[in-house]
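In our numbering, the protein residues as written are 160 to 322. A virtual CB, placed ideally from N, CA and C, is assigned to each residue, including glycine. The model shown is predicted, which means the values in this text are computed figures rather than measured ones. Worksheet: one structure, shown below.
In structure tokens, the structure reads:
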């Protein structure tokens, strides 16, 4: 029944889309604020998804929650397609690191959401560990890139001084 890897939120069922965006908002509101990087993440995952009247209502509700710093409740969701679950978990775990930080409350809400999808602690822990490692590598790559920029600036200065 699997149709292949899910790449975009629009490939999920409407009920899955709504549940997922609420779960992401719940994770992001764990520290009572959604910063610019988190808003970019939210917009990116929900891009070209919400177009009908029900979706407009969902977006209005999400906007009110964000402005009012109201953490959405999550109900259990039965998802039949394993590719949908994988995609949803990837989005949930990525939302923890959307603002380049990991906050304990966000992690708790990630586990809460994953359990509401019927996942086990083991699976959720492995997903989190994998994402944490990817985040660590990303931060190291940024440091290396900055070192390269500084070295290139030093080379430029050296050439200017020789002229």
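Exercise. Count the other CB atoms, across all protein chains shown, that sit within 10 Å of the CB of residue 180; report buried if there are 16 or more and exposed otherwise.
Key: buried
Quiz item: To the nearest angstrom, how far is it from the Cα of residue 161 to the Cα of residue 184?
Solution: In this predicted model, residue 161 has a pLDDT of only 42, less than 50, meaning its place in the structure is not dependable; the value taken from the coordinates is given anyway. Whole-angstrom Cα-Cα distance: 28 Å.
Quiz item: Residues in its own chain within less than 7 Å of residue 259 by CB, not counting five upstream and five downstream?
Solution: 196
Quiz item: In whole angstroms, what is the alpha-carbon distance linking residue 318 and residue 301?
Solution: 26 Å
Practice problem: Within 10 angstroms of the Cβ of residue 255, are there 16 or more other Cβ atoms? Answer buried if so, exposed if not. | Solution: buried
Quiz item: Is the CB of residue 225 under 8 Å away from at least one CB in chain B?
Solution: The chain labelled as chain B is not found in the depicted structure, where only one protein chain is given.
Quiz prompt | Proximity winner among 202, 277, 224 and 267, relative to residue 237 (alpha-carbon distances) | solution = 277
Practice problem: Give me the Cα-Cα distance between residue 222 and residue 250, rounded to the nearest whole angstrom. | Solution: 19 Å
Quiz item: With distances taken from CA atoms, which of 303, 193, 173 and 243 is nearest residue 164?
Solution: 243
Practice problem: Return yes when the Cβ of residue 270 is within less than 8 Å of the Cβ of residue 285, no when it is not. | Solution: no
Quiz item: Terminal residues of the continuous alpha helix (DSSP H) containing residue 265?
Solution: 263 to 275
Quiz item: Which value, in whole angstroms, describes the spacing of the CA atoms of residue 155 and residue 291?
Solution: Residue 155 falls outside the range modelled here, since the chain spans only 160 to 322, and no answer is possible.
Practice problem: Reducing DSSP to helix, strand and coil, say where residue 163 ends up. | Solution: coil
Quiz item: Out of 173, 168, 198 and 261, which has the shortest C-alpha to C-alpha gap to residue 287?
Solution: 261
Quiz item: Under three-state DSSP, which class holds residue 175?
Solution: helix
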